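Colleague:
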Amino acid sequence: MIQRGIEVASRGRGTLDITAKVESVVVESGIITGLAHLFLRHTSASLILCENADPAVRRDLETFMSRCVPDGDPEFEHSAEGREDMPAHVRTILTHSSFSVPIVAGRLGLGTWQGIYLWEHRTAPHNRRILVTIQGE
Amino acid sequence: MIQRGIEVASRGRGTLDITAKVESVVVESGIITGLAHLFLRHTSASLILCENADPAVRRDLETFMSRCVPDGDPEFEHSAEGREDMPAHVRTILTHSSFSVPIVAGRLGLGTWQGIYLWEHRTAPHNRRILVTIQGE
Amino acid sequence: MIQRGIEVASRGRGTLDITAKVESVVVESGIITGLAHLFLRHTSASLILCENADPAVRRDLETFMSRCVPDGDPEFEHSAEGREDMPAHVRTILTHSSFSVPIVAGRLGLGTWQGIYLWEHRTAPHNRRILVTIQGE
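Laid out in structure tokens, this is it:
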């Protein structure tokens, strides 16, 4: 069981491809068959598995969320950190903070079109910490 | 690999902080570096990782879900157990039934503002069963 | 750590019960206490834990998603593969690509009313590949 922290500096709302960062932890671990568990230690950003070929997919995700969970919702009480404070928490709960990816032949066993993304939901840049736990043989 | 059941008595719709209950299973296990996997054995309640400082966040989650998946939806067929029967299933699928939290230095490796919550989606109180599986060293 | 691929042929949009297929991998593994991790290697279909008694529940899920993430959304850019291309990616991110189910007494430790379903979000049939990773004792 190997644990490593990954730090990601977001540039504000939007997605960042972290597949290579995660894969480098997997390769460093020397594990050939196993699982890589990712855990984001924040409640206003997400981890997602997303189509990795067309950047429009991530723009469209943003379009969807902007309508589904609009900033500045007048019915939300929690707004100490701004108009997108509570919407960021809702977006996080509708998506993912944590999942595991199989390790196959010493590599992430992702599908051809799958990438791992950090999705920042706050408008300001944030330093985000992901804990990676690797297990296997 | 250690498995323990946790029973939680919900008081009807709303969230309950179960972080301390989960942490006590982790401490009892004696595992120092590992993963705690949580699994809720029901389809009308959820497990979420949520901001743990301001109770308004959980009220706002409820506000959001009440609009996104309103009770008494006339287009839903499945309503044997009441107006919120099918909405409870939809809320569950939009959130989480299962995730793992890293164990770091013998404790849950949560972020400062993260708590683990049971989110009851039915209006009546229910006894909910969570299976905790601990692994590590 | 045992890894097996499961192939599922979807018949287009809709859910397929894959509980028995997953359970057969668990039984074959001989693991008595552990975890079965499921990972879907696609970004336009999901894995869900859903009520397994009334087929109307899955029809209602479809009704919900058809309204929440309608096909042919004029604000989406990514539509190379059709009107439901981008909605399929959004549905995937709102639900699940991956989770683990506890293994209890050599069987899947599901609740009485829980089944494991592949949810196809594309209108055409697709062959979907799920990687199952089993660990335990």
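Protein chains in written order, with our numbering: chain A, 1 to 137; chain B, 1001 to 1137; chain C, 2001 to 2137.
For every residue, glycine included, the Cβ atom is placed at its ideal position computed from N, Cα and C.
Being a predicted model, the structure only gives us computed values, none of them experimental.
Short check: CB of T2095 (chain C) to CB of I1093 (chain B), under 8 Å?
Modeller: yes
Colleague: Just to confirm before moving on: does the CB-CB distance between S2098 (chain C) and L2038 (chain C) stay below 8 Å?
Modeller: The answer is yes: Cβ separation under 8 Å.
Colleague: Between the Cα of S44 (chain A) and the Cα atoms of B:H1126, B:I1134 and B:C1050, which residue gives the shortest distance?
Modeller: B:C1050
Colleague: Looking only at its chain, what residues have a beta carbon closer than 7 Å to the beta carbon of E2023 (chain C), apart from the 5 residues adjacent to it on each side?
Modeller: If we look at E2023 (chain C) and ignore the five residues flanking it on each side, its Cβ neighbours are R2107 and L2108.
Colleague: If the cut is a Cβ gap below 9 Å, which residues of chain B does I2116 (chain C) touch?
Modeller: Chain B residues near I2116 (chain C): none, gap ~11 Å exceeds 9 Å.
Colleague: What in chain B is Cβ-close to S2100 (chain C), meaning under 9 Å?
Modeller: H1037, F1039, S1098, F1099, S1100 and T1133
Colleague: Examine chain B for any beta-carbon lying closer than 8 Å to the beta-carbon of F76 (chain A), and answer yes or no.
Modeller: Answer yes: the Cβ-Cβ gap between F76 (chain A) and chain B drops below 8 Å somewhere.
Colleague: Decide if the stretch 1114 to 1132 of chain B is in contact with the stretch 1008 to 1021 of chain B; the criterion is three or more beta carbon pairs, one per stretch, under 8 Å apart.
Modeller: Verdict: yes, contact present.
Colleague: Could you name the residues of chain A that L2094 (chain C) contacts, counting a contact when the two beta carbons are closer than 8 Å?
Modeller: L94 and T95
Colleague: In chain C, what lies closer than 7 Å to T33 (chain A) by C-beta?
Modeller: M2001 and Q2003
Colleague: What separation, rounded to the nearest whole angstrom, lies between the Cα atoms of I2 (chain A) and Q2135 (chain C)?
Modeller: Those two C-alpha atoms are separated by around 16 Å.
Colleague: With 8 Å as the threshold, decide whether the Cβ of M65 (chain A) is near any Cβ in chain B.
Modeller: no
Colleague: When you compare each of B:I1006, B:N1052 and B:A1080 to V1025 (chain B) by their alpha carbons, which one comes out closest?
Modeller: Considering only alpha carbons, the answer is B:I1006.
Colleague: Assuming M65 (chain A) and V1057 (chain B) are in contact, meaning their beta carbons sit under 8 Å apart, how far apart are those beta carbons, in whole angstroms?
Modeller: Incorrect: roughly 18 Å between the Cβ atoms, too far for contact.
Colleague: Examine chain A for any beta-carbon lying closer than 8 Å to the beta-carbon of V1026 (chain B), and answer yes or no.
Modeller: no
Colleague: Using a Cβ-Cβ cut-off of 6 Å (strictly less than) and excluding sequence neighbours within five positions of D1071 (chain B), which residues of its own chain qualify?
Modeller: Contacts found: R1083, E1084 and P1087.
Colleague: Identify, in the order they occur along the chain, each residue of the same chain with its Cβ nearer than 8 Å to the Cβ of L1110 (chain B), setting aside the five sequence neighbours on each side.
Modeller: T1019, L1049, V1101 and I1116
Colleague: Would you report the Cα separation of V2139 (chain C) and R2122 (chain C), rounded to the nearest angstrom?
Modeller: No statement about residue 2139 (chain C) is possible, as the shown extent of chain C runs from 2001 to 2137 and does not include it.
Colleague: Using the Cβ count rule (16 or more neighbours within 10 Å means buried), how would you classify L11 (chain A)?
Modeller: The sequence as given places Arg at residue 11 (chain A); Leu does not occur at that position. Looking at its Cβ environment, which holds fewer than 16 other Cβ atoms inside 10 Å, R11 (chain A) is exposed.
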